[in-house]
Amino acid sequence: MGNPFKKVINNEKLPDLIKKKVLDDINVIKLALDVADLIVIKFPDTIGDILKNKNQNKKQ
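Its first residue numbered 4, the sequence shown is counted upward by one per residue in the working numbering.
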């Protein structure tokens with residue numbers, strides 16, 4: 004499978020600012036997926052603990 008972007012932009016170079024923004028967006032998405040993976044898959048009791056502590060704080 005080839006790089007589809009090479010077909011769209013043959014001889015033009017994207018500005019570094021656009022590359023940086025795209026990479027930053029990708030990094031944010033990866034971070035969100037990693038956090039969700041940690042909380043939901045690896046440590047599912049964390050959500051229960053957070054909600055339990057939140058409810059206890061409201062009662063006080």
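A virtual CB, placed ideally from N, CA and C, is assigned to each residue, including glycine. These figures come from a predicted structure and were not determined experimentally.
Item: Host alpha helix (DSSP H) of I29 (start-end); Value: 19-39
Item: Spatial distance of L20 from A35 (CA atoms); Value: 23 Å
Item: Close beta carbons around V31, own chain, < 7 Å, minus the five adjacent residues each side; Value: none
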